[in-house]
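Read the structure below first, then the notes.
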Amino acid sequence: MSSLAAAVEFDRVSKAFGDRVVLQDVSFAIAPGTAFGVLGRSGTGKSVTLKHIIGLIRPDAGRVLVHGEDITELRPRALARVRRRMGFLFQEAALFDSITVGENVAFPLRRHTRLGEAAIVARARQRLADVELSDAFDAMPADLSGGMRKRVGLARAMVLDPDILLVDEPSAGLDPITSREIDGLLIGLRRAGTTLVVVTHNIPSARAIADELAVLGDGRIVARGTAADLDANPDPLVQAFMRAGTGG
Amino acid sequence: MQGAAAERVGQAVLDALASAGAYFVFAGRALVELVRPPFEVREVLRQIYALGSRSIPLILAAGFAVGVVLSMHTRATLERFGAGALIPAGLAVALVRETGPLVTGLLVAGRAGAGIGAELGAMRVTEQIDALEAIAVDAFKYLAVTRILACMIALPLLTTLMDFAGMTGGFAAEAAATGIAWPLYFQRSFELIGFADFVSATVKTVVFGFIIGSVASYLGFHATRGTEGVGDASTRAVVASSILLILSDVLLVKLIFILFPQIGS
Ligand SMILES: Nc1ncnc2c1ncn2[C@@H]1O[C@H](COP(=O)(O)OP(=O)(O)O)[C@@H](O)[C@H]1O
Ligand SMILES: [Mg+2]
Chain A
34 MSSLAAAVEF DRVSKAFGDR VVLQDVSFAI APGTAFGVLG RSGTGKSVTL
84 KHIIGLIRPD AGRVLVHGED ITELRPRALA RVRRRMGFLF QEAALFDSIT
134 VGENVAFPLR RHTRLGEAAI VARARQRLAD VELSDAFDAM PADLSGGMRK
184 RVGLARAMVL DPDILLVDEP SAGLDPITSR EIDGLLIGLR RAGTTLVVVT
234 HNIPSARAIA DELAVLGDGR IVARGTAADL DANPDPLVQA FMRAGTGG
Chain B
16 MQGAAAERVG QAVLDALASA GAYFVFAGRA LVELVRPPFE VREVLRQIYA
66 LGSRSIPLIL AAGFAVGVVL SMHTRATLER FGAGALIPAG LAVALVRETG
116 PLVTGLLVAG RAGAGIGAEL GAMRVTEQID ALEAIAVDAF KYLAVTRILA
166 CMIALPLLTT LMDFAGMTGG FAAEAAATGI AWPLYFQRSF ELIGFADFVS
216 ATVKTVVFGF IIGSVASYLG FHATRGTEGV GDASTRAVVA SSILLILSDV
266 LLVKLIFILF PQIGS
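Quick look at the structure:
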C-alpha cells in the first residue's frame, strides 16, 4: 500500500453494544488530504465511527487502518504514537474542566513537545485566535457557552497540527456567522494538507467542506459520493438530508 | 417464585464477584504501573496537596476529639489500679498502633474517596478520560496511578498528624484533670512506643492509602453515563473502601503480630 495508502480505511467494520447493532460491515477509505463528511440521523453511529478511527472504540469484527496500519491490533504505546498525529473534537467538547481554556489548548503541547513556556503559550493563544476566542485564554471551561466550548475543543484538537483531524458536529450550537468562520478554518486546514473527517448535520457546511459525503443509516453506509452525486440519489433518506437547510 | 428469588440472589452474587474480579485486575495493574516509569511527579504532588488541604482540618479536629475521649476512658480504667502515670503512654500506644491509622483511613476514605470517585466519575461521563486517551496520554497512569500514589504517601503523614492531634487532646484532658505539664506528658507518651510500632503503622497506612485510591479510582473510571452515575461512584467509593480497609486491617494486624511479636505481647 505505502504511498497509495488511504489516510483512514474501514475494512468490513462491525460494532454492537449489547443487542444494539451500531455498525454492520461498514467499509470506506478516505484519501490523504481530502475531507470526508459523515451524515446521518441521531444515534446512527456517527460518533462511534469517529471513535473507531482514533482507537477509543475497537470493532467487534473488521479492521480500521490509519495510513495503512491496522490500529485495532496495536499495543498501547504504538497506538499512542498513531494518536499523536491525530486531532479529535468530541461532540460535547470534553474540555478538562479543572484547568483554564488556555491550559486545555496548551495541554497537548506540554505533553508532546519540548517547546518552552513562552512558545507553548504563544501557540495556544494563536489557536484560540483561530477560533475567534482570543479573550477566553484565562476563562474556565464551565464559564463558556456550548458553542464556545466546542471551538476551544477544536483549538485543542488542532494545536499539534495533526495529519488527520476528526471533528464531531463542529457547528452545533454556533450562530450562522461563527459557523461559517469555522467552516473556513476547516477548509483552510484541508488546503494545507490535513485529512478531515467531519460529522455534521449542517448540509451547507458539509457541501462547503467535504470532497465526499457518506450517509449512515441502519448500521450501513446508505449512500456515498460528492454532494452532486447525493443530490441525484433517489433514496428518500438521502433526499431528506440533502434538501434540509442548516440542521444545527 | 422461590426459584426466581434464588436466581436473583445468584445473579447478584455473580455480579459482585465479577466486579470484585475487575477491581483486582485494576489494582494489580496499578501496582505494576506504580513502579514503572515515566512517573507523573507534578501530578502526584498536585494530588497530595489537594488531598492534604481537603483532609487536614478534619484530621486535626477528629484527632483532638478522639484523644480527649480515649484519655477519659483510659483514666477511668487505669486510675482504679493506681496507674494514672501510664495514661499518656497507654493513649499513645492506642493511637499509634490502631486508632490513628484506622480513624485516619476511614476519614480519608470518606473525604478523598468520595472526592476521587466523583471527580473521575465526572471525567468519565463527560468523556474527559477519552479525551486524554485521544491526546495520546495514558489516562490510567495520569489519573488513577497518580491519585493512588498520592493516597499512599499522604495517609502515613495524615496519620502522624492525627496521632499528634490525639496526644494533644489527651494532654488537654489530663491537664484539666491533674494539671500535668506538657513536657512531662509528652515524655511519658513515648515510653512504650518502639521502632516496630512506627514501621507497622507506616506499612498499614500505606496499604490503606492504596485501597482508598484504587477503589475510588476504579469506581470513577467505571462510572456509567449521567450525573446519577457520578453520585453512585462517589458513594460506592466510600462504602467499598471503608469496608475493604477494615477487612485489610484485620489481616494486617495478624501479619504485624507475626512479623513483630513484641507488639502482640
Ligand atoms: N460506549 C457506548 N456504550 C453503549 N452504547 C453506546 C456507546 N456509544 C454509543 N452507543 C450507542 O450507539 C449508538 C450510536 O451512537 P452515536 O455514534 O453516538 O450516534 P450519533 O450518530 O448520534 O453520533 C447509540 O444507540 C448509542 O446509544
Ligand atoms: Mg454523535
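As they're listed, the protein sequences go chains A and B. So in this note's numbering, the last one in the first sequence is 281, and the numbering has no gaps at all. So in this note's numbering, the last one in the second sequence is 280, and the numbering has no gaps at all. For each residue, glycine too, the CB sits at the ideal point set by N, CA and C. Fair warning: this is a prediction, and the values are worked out from it, not measured in the lab.
{"Item": "Below-8 Å beta-carbon distance, glycine 281 of chain A vs any chain B residue", "Value": "Reliability fails at glycine 281 of chain A, whose pLDDT of 42 lies under 50, so the model's placement of it is uncertain and no value is given."}
{"Item": "Minimum Cβ-Cβ distance from threonine 92 of chain B to chain A less than 8 Å", "Value": "no"}
{"Item": "Quiz: which residues have CB nearer than 6 Å to ligand 2 non-hydrogen atoms", "Value": "A:Lys79, A:Ser80, A:Gln124, A:Asp201"}
{"Item": "Contact with chain A by threonine 239 of chain B, beta-carbon distance below 8 Å", "Value": "no"}
{"Item": "Chain B within 8 Å of histidine 234 of chain A, Cβ atoms only", "Value": "no"}
{"Item": "is_contact[glutamine 62 of chain B, chain C] using C-beta, thresh 8 Å", "Value": "As a matter of chain content, chain C is missing from the structure shown, whose protein chains are A and B."}
{"Item": "7 Å Cβ cut-off: residues of chain B touching leucine 89 of chain A", "Value": "Asp145, Glu148, Ala149"}
{"Item": "Endpoints, beta strand (DSSP E) assigned at phenylalanine 61 of chain A", "Value": "53-63"}
{"Item": "Minimum Cβ-Cβ distance from valine 58 of chain B to chain A less than 8 Å", "Value": "The amino acid occupying residue 58 of chain B in the given sequence is glutamate; valine does not appear at that position. By this cut-off, glutamate 58 of chain B is not an interface position."}
{"Item": "Straight-line gap, leucine 173 of chain B to valine 152 of chain B (C-alpha atoms, nearest Å)", "Value": "31 Å"}
{"Item": "Cutoff 8 Å: valine 40 of chain B Cβ touching any chain A Cβ", "Value": "no"}
{"Item": "Alanine 76 of chain B versus B:Lys219, B:Leu176, B:Phe210, B:Pro198, residue with shortest Cα-Cα distance", "Value": "B:Leu176"}
{"Item": "Under 8 Å between C-beta atoms of glutamate 142 of chain B and alanine 64 of chain A", "Value": "no"}
{"Item": "Pick from A:Leu148, A:Phe61, A:Val59, A:Thr67 that is closest to arginine 224 of chain A, judged by C-alpha positions", "Value": "A:Thr67"}
{"Item": "Contacts that arginine 117 of chain A makes with chain B (C-beta to C-beta distance below 9 Å)", "Value": "Ile150, Ala151"}
{"Item": "Chain A within 8 Å of threonine 161 of chain B, Cβ atoms only", "Value": "no"}
{"Item": "Proximal residues to alanine 255 of chain B (C-beta, below 6 Å), its chain only, five neighbours per side dropped", "Value": "Val230"}
{"Item": "Runs of beta strand (DSSP E) wholly within the region 171-203 of chain A (minimum 3 residues, chain order)", "Value": "197-201"}
{"Item": "Distance, proline 109 of chain A Cα to aspartate 196 of chain A Cα", "Value": "20 Å"}
{"Item": "Alanine 98 of chain B vs arginine 203 of chain B beta-carbon contact at 8 Å", "Value": "no"}
{"Item": "Minimum length 3: unbroken beta strand (DSSP E) runs contained in the region 193-269 of chain A", "Value": "197-201, 228-232, 245-250, 253-258"}
{"Item": "Residues bridged to valine 41 of chain A [DSSP beta-bridge criterion]", "Value": "A:Ile63, A:Val99"}
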